[in-house]
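Asks:
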Amino acid sequence: MKTTLPLAGKPAVRAWIWSVAVANRWSFLGMMSLFAAATLVGLIGPQLLGHLVDAVSTGTTTWHIDVIALIFIGVLAVHAVLRRQARFRAAVFGERLLAEAREGMVEHVVQLPLATVESAGTGDLLSRATSDVDKLDEGLRQAAPEIVIAAVTVALTAVAMVITSPIVALGMLVAVPLLVAATRWYRPRVLPKYEEALADWAEVHSSTHETADGGRTIEALRLRRRRLALNDRNVDKAVGVEWYCSRLWAWFLGALDVAYILPIAAILVVGGVAYTQGLAGIGEITAIVLYARALVEPLSEALTWMDELQVGNAALRRILGVQQIKPDPGDESAVPDGTAIAVRGATFAYSPGREVLHGIDLDIVEGERLVIVGPSGAGKSTLGRLLAGVNAPDSGSVTIGGVEVTSLPLAKRRQEIVLVTQEQHVFSGTLRENLTLPRDASDEELWDALRTVDAADWAKSLPAGLDTVVGSGGEAVAPAMVQQIALARLVIADPHTLVLDEATSLLDSSASRNLERSLTAVLAGRTVIAIAHRLTTARDADRIAVMEGGRIVELGSHDELMAAKGSYAGLVASLSG
Amino acid sequence: MVFGALWMVPLALLPLAIGAAIDQGIAPRDTGALLMWSGLIVALGAVLSSSTVMLTRAGDRAWLHGAALMQRAVMQHATRVGAALPSKIKAGEIVAVGSSDMYSIGGLLEVIGRLTGGVVAFIVAAIALLSSTPILGLVVVVGVPLATLGLVPLLGPLRKRTEAHREEVGAATSMAADIVSGLRILRGIGGEKQFTDRFAETSQRVRKAGVNAARIDSWLSGIEVLLPGLVTILVMWLGARLALDGTISVGELVAFYGVSAFLVIPVGVATEAVHHFNEAIVAARRACAILRLTPALDSPEHPKPLPPGSFGLHDETSGLTFPAGKLTVVRTTGSDAFADRLGRYVDAPVAAGGVPLREADIDEVRDRILVAHNQDVLFSGTLADEVDMGKAVELDTALWAADATDVVDGLDHGTQEYLAERGRTLSGGQRQRMLLARALSFDADVLVLDEPTSAVDAHTEARITQRVAELRRGRTTVVFSQSPLWTRVADEVYTP
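Chains A and B supply the protein sequences, listed in that same order. Counting from 931, one number per residue, gives the positions in the first sequence under our numbering. Counting from 10, one number per residue, gives the positions in the second sequence under our numbering.
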């Protein structure tokens, strides 16, 4: 079945929040103080108005009223500016955290095991890096400060109520059991649904991306209806879950409304009794009712944002889930002695119980040109990946100069050995960006590299030369040219050993011969391991390794293998005969 | 929108009821009146609660449906553009429109209900004040709309910055979309660091653009407090003076306070609506950019039908003829341009049994001529679903002809195995055979195969060529390949 990337557990989420909070404590404190200040200033206004009402009921001068109004205007202006400032700081803070979350995620993803990333698919990753980060944004930037503000407001208001008249304030308690019951009903029901919804949207994004990516195939094979039906199914599923969440949320809000209004009635009744007993004055009762009304806003804000925070939490679990898989940092102290490659008893399986390589032994000396041939599915590409240290063998070893390839730190590993695969991809960006993936290089170096692979004329014909945008949404690049770009990258990378995994297989043969001619110059002085099914490549090799069923069955030069009359000789005969 | 109004009415009546409870119940120590008014308040609470439920549901329905509708419209159109799509727009952009932009538009739809409620709140408050104290009513009627208009100057610059932010978000999305497709390449070449650094640059641009937009957007929250506050002060100041004159009672003043505090709602919702409106406009523009894309070629107004059965093709550009019902092999370089001509992916003079393709309906051309090449995409899903095209050629037959039976046998779940996106969990040779099996399963009248066996070994290729020739006997088939194994089974061979 379809696999997805893991979700982070609660401890990982807590640890992340804690580390972020500690690392950003000053800006966080600054932002929170601004919010707190804005809230406090905001509380002065109603006080002034209460004062105004009191002043009017006890009788006062118009002058006094004018002064109060003017003070209020001043307070209001300060409040507005503080609030804007607080929001702005929150945005700055939130954007920074988001950028960190995004970048941290991508940094991690590119180091994850290939199989993990590829079987999860673009959509899962993409939704984690984009829409989940957006959800986290709302949780971080808005929910946290809003909840704190609301809590502060609620606490201060409650204190004010108790100070004004503890007896009348008792009426407020009617709300407590309702609030508790509603929250207890809502929370456990909605949380798993939020996670489900995010996963469902990720599924929508996955199929959207595949559809957008495969436009030509969809048109050619008349798959439009199928893709749209799939999209409809996915969207319906996500909308269904959202709709269910909406129902829970609506009922929850409805219950809260009752919890807000009920205390007002209770306060009035209690107040009425207290007034007849002489325990409270009209002004006090009025103030408490107004306070009770003032509580509604922050309380519902707090609960709404708590909800938002739950969505953020679900998103965070997805984002951090990627970072659960720890990449191997490599051993900085490892220094290969020489460039000889040795494979000893290497086995490898992509999934348990399905071994694709069964005990490979192979020695490759510096400057050698080795060609690996064999039927498809024989494990040639897998061996190539082991040689290049993309995967580590399950047992046995693959060493360069006596050092385990996968123990070399990534940057160092690629100075030693590079793998060019049959996969073709042009990264969305400029041609320059595509070429300089291994390292930064000057224009001169880039043009040299393009000339080496016969692609300079093509590059010159592009509208903006090296700065032309290619890849998805940019200038279309013919398949043959994609290979040439890949090879030019190789020239830039300049390693001592190359593994070419059918790097030219998807081209028609004459083009690949062209390419190989120009490559000869690039390959000179390097150790080359070429994986091929075309025997034309094999003839000139120093040695040929024939693989079948996960084993090397023959190893030797063309002449030796022809003389041995084994598999290789059979292959050659079948082609020329 | 009706619910928005329903929701506002009890909220608007609440301060009036409270004022009455104090004036008629508590102050004259009238327990009966107090209980009556308190009961009324509880009743208002019940009305409020049920209208909240309905309003929330209506708002959510609006945003969910709006969002889903837009996502579907974009997908409908994107698939109509078809082959021309990848070169016209980044795949990441389409995903972004279907995710974040969808929310932006949904958000606006959601806020509309409450905006209506805000307007109703304003009307109720204005009527209440107008009927009791006309001067205060006038202040509200004039003041609130003016306060809301105070937001207008922010709109232009805000939109510009939101657009800039959205642009950067699109760039970051596209980069992230490259990860899965490009990871093997990054791994092989050691490009992880450069890629991560570049993503970080883009991500930082997103951050800066976001902060830039927030510079203005944050003023909305300040204004949200300031403008209605000013109206409140004005009302209370006037009210206090009137109460001092004895024109109104203290209870009425308290009621005014309740009513005017409640004027915050329309302005508050208005600022929120401004925020959403702004984002929705930016999002809608991105969506329209996709909806404006057109397919590369259109059908003529009065299309001619293609000949029945497996017809032949004649390509004027090369002068080659591909006879009906025969297997023709072309040994040429630059085969992709050639194949595109035969399948009418480009406008070229090609005739199908005497009918020029450009005079035929493009849908019929696609139905009957299939051009399959190695850049075709294998979608994620079970093998049976994705390879079987549901035509006369059985899945098993297609897999056999493409010599892919052993691939299927090697999978845990056989034809029910879930294939990852683009068939990435398969090896290059296995993937190519799956693509071929799918093309054969389509059972096209004319099948054009572009280098169908370039990634398989000679033994496999030999089996494929023979079986394809057998399966396609009597149907027009064109194969671009340099391999001698294909020429061996061909009815006709061209070496241009």
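Ideal placement from N, C-alpha and C gives every residue a C-beta, glycine not left out.
#1: Excluding the 5 residues flanking A249(B) on each side, which residues of the same chain have their C-beta closer than 8 angstroms to its C-beta?
#2: Would you mind giving the Cβ-Cβ distance between I1052(A) and S1136(A), rounded to the nearest angstrom? I have them listed as a contact below 8 angstroms.
#3: Could you work out which residues of chain A lie near K202(B), taking near to mean beta carbons separated by less than 8 angstroms?
#4: Quick check: H1139(A) and A100(B), are their CB atoms within less than 8 angstroms of each other?
#5: Using 8 angstroms as the cut-off, can you tell me whether the stretch 199 to 215 of chain B makes contact with the stretch 1367 to 1375 of chain A, which would need three or more C-beta pairs spanning the two stretches below that distance?
#6: To test your reading of the DSSP string, which unbroken alpha helix (DSSP H) runs of 4 or more residues are found completely within the stretch 414 to 476 of chain B?
#7: Taking the straight line between their C-alpha atoms, what separation do you get for S113(B) and G75(B)?
#8: Can you confirm whether the stretch 1295 to 1307 of chain A touches the stretch 1465 to 1484 of chain A when touching is taken to mean that 3 or more C-beta pairs between the two stretches lie within less than 8 angstroms?
#9: Under 8 angstroms between C-beta atoms, does I1482(A) make it to chain B?
#10: Would you report the Cα separation of D1187(A) and I50(B), rounded to the nearest angstrom?
#11: Nearest-angstrom Cα distance between L160(B) and S1061(A)?
#12: Measuring only the C-alpha atoms, how far is V1510(A) from V1047(A)?
#13: Let me confirm a value: T1450(A) is counted as buried when at least 16 other C-beta atoms fall within 10 Å, else exposed. Which label applies?
#14: Closest to G975(A) by CA distance: which of I998(A), S957(A) and V1200(A) is it?
#15: Reducing DSSP to helix, strand and coil, say where E1405(A) ends up.
#16: The stretch 1390 to 1413 of chain A: which residues have C-beta closer than 7 angstroms to a C-beta of chain C, in chain order?
#17: Does any C-beta atom of chain A lie closer than 8 angstroms to the C-beta of A281(B)?
#18: Please check if any C-beta of chain B sits within less than 8 angstroms of the C-beta of E1048(A).
#19: Can you say whether D1438(A) is buried or exposed, counting buried as having 16 or more other CB atoms within 10 angstroms of its CB?
#20: Report the residues of the stretch 1063 to 1077 of chain A with a CB closer than 7 angstroms to any CB of chain B, ordered along the chain.
#21: Please list, in chain order, the residues of the stretch 1274 to 1286 of chain A that have any C-beta partner in chain B closer than 9 angstroms.
#22: Tell me which residues share the same chain as A222(B) and place their Cβ nearer than 6 angstroms to its Cβ, disregarding the 5 neighbours each side in the sequence.
#23: What number of angstroms, rounded off, separates the C-alpha of A264(B) from the C-alpha of V1078(A)?
#24: Would you please verify whether the beta carbon of G1251(A) is less than 8 angstroms from any beta carbon of chain B?
#25: One question on the structure: do L1246(A) and W946(A) come within less than 8 angstroms of each other, judged by their Cβ atoms?
#26: Helix, strand or coil, according to DSSP, for T1427(A) in the structure here?
#27: Does the beta carbon of E1238(A) sit closer than 8 angstroms to a beta carbon anywhere in chain B?
#28: According to a CB-to-CB cut-off of less than 7 angstroms, which residues of the stretch 1202 to 1222 of chain A neighbour chain B?
#29: From the DSSP output, read off the bridge partner residues of Y1190(A).
#30: Are V149(B) and A130(B) close, meaning C-beta to C-beta below 8 angstroms?
#31: Just the C-alpha distance for D412(B) and T469(B), rounded to the nearest angstrom, thanks.
#32: Report the rounded CA-to-CA distance for D418(B) versus A1029(A), giving the unit in angstroms.
#33: Whose CA, out of M1236(A), V1328(A) and A1195(A), lies closest to the CA of L1292(A)?
#34: Give the interface partners of P1305(A) over in chain B, defined as CB-CB distance under 7 angstroms, in chain order.
#35: Consult DSSP for L1436(A) and reduce its assignment to one of helix, strand or coil.
#36: So, helix, strand or coil for V502(B), using DSSP?
Replies: Taking the coordinates as given:
#1: L262
#2: Note that residue 1052(A) is Thr in the sequence shown here, rather than Ile. That belief holds up - the Cβ atoms of T1052(A) and S1136(A) are roughly 7 angstroms apart, short of 8 angstroms.
#3: L1340 and A1341
#4: yes
#5: yes
#6: 414 to 418 and 437 to 450
#7: 10 angstroms
#8: yes
#9: no
#10: 12 angstroms
#11: 29 angstroms
#12: Because chain A spans 931 through 1507 in this model, residue 1510(A) falls outside it and cannot be assessed.
#13: exposed
#14: I998(A)
#15: strand
#16: In summary, chain C is missing from the structure at hand, where the protein chains are A and B.
#17: Note on residue identity: the sequence assigns Glu, not Ala, to residue 281(B). Chain A contact via Cβ: absent.
#18: yes
#19: In this predicted model, D1438(A) has a pLDDT of only 45, less than 50, meaning its place in the structure is not dependable; the value taken from the coordinates is given anyway. The residue is buried, with at least 16 neighbouring Cβ atoms inside 10 Å.
#20: D1064
#21: Y1280, S1281 and R1284
#22: R170, T171 and H174
#23: 30 angstroms
#24: no
#25: yes
#26: strand
#27: no
#28: G1202, Y1205, T1206, I1212, I1215, T1216 and V1219
#29: In DSSP, Y1190(A) forms no bridge with anything.
#30: no
#31: 7 angstroms
#32: 46 angstroms
#33: V1328(A)
#34: D466, H468 and T469
#35: For L1436(A), the pLDDT reaches just 45, beneath the cut-off of 50, and the residue's location in the model is therefore unreliable, although a value from the coordinates is still provided. Here L1436(A) sits in coil by DSSP.
#36: strand
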